[in-house]
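The structure appears right after this line, and notes come after that.
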C-alpha cells in the first residue's frame, strides 16, 4: 500500500513538473506576443508551485521591465543572479533596469588581501567547497596509506608529499567553505520597493531622517528589530528602514 | 381833488395786490439735532411786515443772541418780494427732546402763528460746529479709510487693503504727502499700481462724498494669530470755504494742512488646519493646476530634452516651493531654470511658476520619471488637495549601454560582475529553457553527512596502523602461525564434520569425505584410485614422514570402523582433533 502511494507521489511530482514547464512555455509565447501582464501571471504561477530557476526569474524580471515596474524587475534580476551569478544576459538586462533607478550609490572598492580572499571564496559556493574538502581528505588518507604500505623509497616519498599537500588543501578548502558560508549568511540583500523611503537614524518614527532611498535600490540587511530593518548601502552608509519598504531577496 | 382820486385808486390797486399775496410766517432752525455745547439758530421769517411780534419763551434754552431783525426787499422782474426775519441764537441748557413753541405776529390785523419745532439735544460734541472754523471743517469733511477685503483670512490667503480718501463736495484737496507708510510686518505685500487718480462719487456714512483710491496693496499673512496693519498717515493740504468772499462774490477758500490716518486694523489670521495636511505640503494656498511635461518622449542618447514642472492658478504663487523632480541617476540633469509669470491683481497673485529641467540621457534604455505630487490648500472647500503627475517614460532609442554595474553587494557570487563584458548592447530576450528545480534546497555543508564523510577517512589511518602491527606480530610468531594454519585447514576441510559432531553416522561420513577432499585437493588424485595403499604410497612419495601417514591411514580406517561400533562423543572429539593435526602436519611436509 505504502509502496503504491510512493509511486503515485512520484508520478504526480513528475506530472506537476511537466505542467510547470508547459506553463513556462505558454508564458514565453505570451511574452513574445507582447502580453506581458498575462505572461507575468503565468510565470508567477510556476513560482507558486515552489519551483524556480534563474531562467524563470530572468523572464519575470524582463516582463516587469517591459511594464516599467522598476523595483520588481531589479528584484527578480537579482534573484536570478543569486542562482547564476555570471550569466551575461542577466547582467546585460539588469544594467538596463538599473538605469531606471533614482539613487546613485558609489561602490567602495575593496582592496588588497581581503579582496583576493573574497574573490577566491566566491569562485565556488560553500557546498562545493565542502564537497571538495571531503574529496581532498579521502585523497589524503588513501595517499597516506599508500605511503605507509609501499615498499620502495621513491613511491613512499611521492605518496608522502602528495598526501600532505592534499591534507593542506583540504584544510584550505574547509576554511573557504566556512568563509563562504559566513559571507552567505551575512549577505542578506534586499530591494527597496517603496517609491521613496526614509532612512532613519533609529528604529522609530520619531528619529531623524538620515537620507532617502528610492525604488529599486539594492541594500544589505544587517539587523532587524520588530518591523524595522537596519540596512547598509554599498558605499557604507547605514540606517533603519521600515521593513515593509524593502523586500528581501532570500527567504528567511 | 383829481389828485386825491388818483392817489386813492393807486392805494386800492396796491392794497388789492397786497391782499393777493399770501402771508407766510414760519420758524426755521439751523439744525434739529445738536450737541449740548453747540448753538442753535432759529429764524422766524415772514413775507409781510407785521406788528406785535411775540417770540416764544425758549424753555430749556438760553437766548444768547437776538432778536436780530433783518428786512429784505427785492424787486425781480417787476415782482416785489419782501422778507423780514427775527433771529435768535440759542444755547441748550440740558439734553433731551424739546419743542420750541410757536411765535405769533399780527399782520394786517390777523394774528399768524408758526408751527412748533422739535429739537433734540444730545451729548456735547467734541468740536462745536462752527461752520467757518477751518480746522473743524477740514476734519469733518476729509476721511481716510482702509478697506480690508477679509478680516479673518487663512495663513497665506491673499487679502487686499484699499486706502480711500473721502472728500466732501464742498471742500477741496490740493496736495498730499505720506507721513507714515505701513510696513506690513508678518505679511508678504505687494503694492498694486493705480494708474492716476480717478475721482469717483460714493457715499460715506450715508452722505455724498467724492473719493479717490490712493493705493491698493495685496497682503499674504505669513503668521497666524492677531496681526496688526499699521496705519497710513497722510498730510493733506485742504481747501475749505470760508464766509469771506472775494470781490466777485465767490467764496474765499482757506488752506490748511491736516494729518489724516487710516487707523490701525487688526487681522485675525487663521492657521491652516492640521487635519489631513499632506506630507509634501509646502504652503501653497489657493486654486492651482499642476503639470509635469517633457518636450520629447523618445530620443537618442546625448540629445537633450526639457522637463517642465509647472503650477498655474491663483494664490500665493511666489511663496512656496515647487516640488523637485527626482530622476534616475543615470540621466544627466542640469540645474532647473525657474520661470515666473505672475500678475498681481487686487484679487491676489495669478499666473504660473515653472521649473524647466534640461535632461541629457547618456545611455540607451528606458528612464521613468517618477510621479511627483503637489499639495495645496483649497480656500473654496477649505481642504487640502493633492495633484499627482503621472509617471512619464523617456525612451532612449539609440546610444551606448550603461555597463557600469550599479552596485555590489557585500560578498558572494557577483563580486566580479563589474568585469562582465557585454558584447551586445540590446535588451536581451527571455530564456526559452525552463530548467525548473524545486525551490527548497538542501545544503550539504554543516550537515551530519558532511562531518562524518569529512572525518571518517581519518579513522582508516589508525585501523591501517593496527592492521599492520598485527600482521607483523603474526609473522614474528612461528608456532602460533602453525596453529593458525592448522586451524585454517581444519576449518576449510573439517567444517562439515565439526557441524555433525555428536551424530555418529553423519560425523564419520563427513570426516571421511573431508579427508578425501583434502587429498584430492592436495594431491590431485582421482576418487577412483582411492585405496589406502595408494594414499600411503603417494604420501610417502611426496616426502611426508611415516608416522603422519600412518596416523592418516588409521583415521581413515577408524572412520570406516566407527560406523559399526559404539562411539562416545568424547571419542568423536578426539578423532576430530587428531585429523585436524594430521592434516596440518601433512600439509606442512608435503612437497
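Residue numbers (the numbering used here), protein chains in the order written: chain X, 1 to 252; chain W, 1001 to 1591.
We put the beta carbon where it would ideally sit given N, CA and C, even for glycine.
As the structure is a prediction and not an experimental result, all values here were calculated from the model.
Residues bridged to residue i (per DSSP)
i                      : result
residue 1201 (chain W) : W:1210
residue 1461 (chain W) : In the DSSP output, where bridge partners are listed per residue, residue 1461 (chain W) has none listed.
residue 1333 (chain W) : W:1359
residue 246 (chain X)  : X:192
residue 1245 (chain W) : W:1251
residue 1306 (chain W) : W:1358
Residue i to residue j span [Cα, whole Å]
i                      : j                      : result
residue 1434 (chain W) : residue 1440 (chain W) : 17 Å
residue 67 (chain X)   : residue 37 (chain X)   : 8 Å
residue 1344 (chain W) : residue 1401 (chain W) : 49 Å
residue 973 (chain W)  : residue 1035 (chain W) : Residue 973 (chain W) cannot be examined here, being either before or after the span of chain W that is shown, 1001 to 1591.
residue 108 (chain X)  : residue 50 (chain X)   : 37 Å
residue 1675 (chain W) : residue 1118 (chain W) : In the structure displayed, chain W extends from 1001 to 1591; residue 1675 (chain W) sits before or after that span and is not available.
residue 144 (chain X)  : residue 1473 (chain W) : 22 Å
residue 1043 (chain W) : residue 1206 (chain W) : 28 Å
residue 1317 (chain W) : residue 1289 (chain W) : 11 Å
residue 1429 (chain W) : residue 1294 (chain W) : 29 Å
residue 110 (chain X)  : residue 1335 (chain W) : 34 Å
residue 1286 (chain W) : residue 1156 (chain W) : 9 Å
residue 1540 (chain W) : residue 1568 (chain W) : 32 Å
residue 1302 (chain W) : residue 1324 (chain W) : 23 Å
residue 177 (chain X)  : residue 1460 (chain W) : 24 Å
residue 1214 (chain W) : residue 1199 (chain W) : 10 Å
residue 24 (chain X)   : residue 33 (chain X)   : 14 Å
residue 55 (chain X)   : residue 62 (chain X)   : 10 Å
residue 1509 (chain W) : residue 164 (chain X)  : 59 Å
residue 1580 (chain W) : residue 1551 (chain W) : 11 Å
residue 1266 (chain W) : residue 1362 (chain W) : 58 Å
residue 65 (chain X)   : residue 21 (chain X)   : 22 Å
residue 1148 (chain W) : residue 1219 (chain W) : 10 Å
Host alpha helix (DSSP H) of residue i (start-end)
i                      : result
residue 1574 (chain W) : 1569-1589
residue 1055 (chain W) : Premise fails: residue 1055 (chain W) is in no alpha helix (DSSP H) and is neither H nor E.
residue 177 (chain X)  : 153-186
residue 130 (chain X)  : 126-149
residue 105 (chain X)  : Run containing residue 105 (chain X): none; DSSP gives neither H nor E here.
residue 1558 (chain W) : 1546-1562
residue 1517 (chain W) : 1504-1523
Option in the options with minimal Cα separation from residue i
i                      : options                           : result
residue 1453 (chain W) : X:174, X:242 and X:248            : X:174
residue 186 (chain X)  : X:215, X:75 and X:249             : X:249
residue 1160 (chain W) : W:1346, W:1495, W:1154 and W:1427 : W:1346
residue 191 (chain X)  : X:55, X:201, X:244 and X:151      : X:244
residue 1081 (chain W) : W:1088, W:1087, W:1089 and W:1071 : W:1071
residue 1583 (chain W) : W:1553, W:1566, W:1561 and W:1009 : W:1553
residue 1105 (chain W) : W:1312, W:1054 and W:1282         : W:1054
residue 1165 (chain W) : W:1373, W:1233 and W:1048         : W:1233
residue 1565 (chain W) : W:1505, W:1340 and W:1545         : W:1505
residue 1153 (chain W) : W:1377, W:1507, W:1555 and W:1388 : W:1377
residue 1030 (chain W) : W:1024, W:1041, W:1520 and W:1356 : W:1041
residue 1143 (chain W) : W:1204, W:1115, W:1182 and W:1177 : W:1204
residue 73 (chain X)   : X:96, X:141 and X:162             : X:96
residue 1180 (chain W) : W:1145, W:1431 and W:1231         : W:1231
residue 234 (chain X)  : X:119, X:215, X:112 and X:104     : X:104
residue 1326 (chain W) : W:1311, W:1307 and W:1340         : W:1307
Residue environment, residue i, which counts as buried when at least 16 other CB atoms sit within 10 Å
i                      : result
residue 1211 (chain W) : buried
residue 1574 (chain W) : exposed
residue 1039 (chain W) : buried
residue 1057 (chain W) : exposed
residue 1570 (chain W) : exposed
residue 42 (chain X)   : buried
residue 220 (chain X)  : buried
residue 1469 (chain W) : exposed
residue 1512 (chain W) : buried
residue 115 (chain X)  : exposed
residue 140 (chain X)  : buried
Check: residue i C-beta below 6 Å from any heavy atom of the ligand GDP
i                     : result
residue 108 (chain X) : With respect to the ligand GDP, the structure shown offers nothing to examine, as it has no ligands at all.
Enclosing beta strand (DSSP E) for residue i [first to last residue]
i                      : result
residue 1294 (chain W) : 1281-1294
residue 1387 (chain W) : 1383-1388
residue 1097 (chain W) : 1096-1100
residue 1160 (chain W) : 1159-1167
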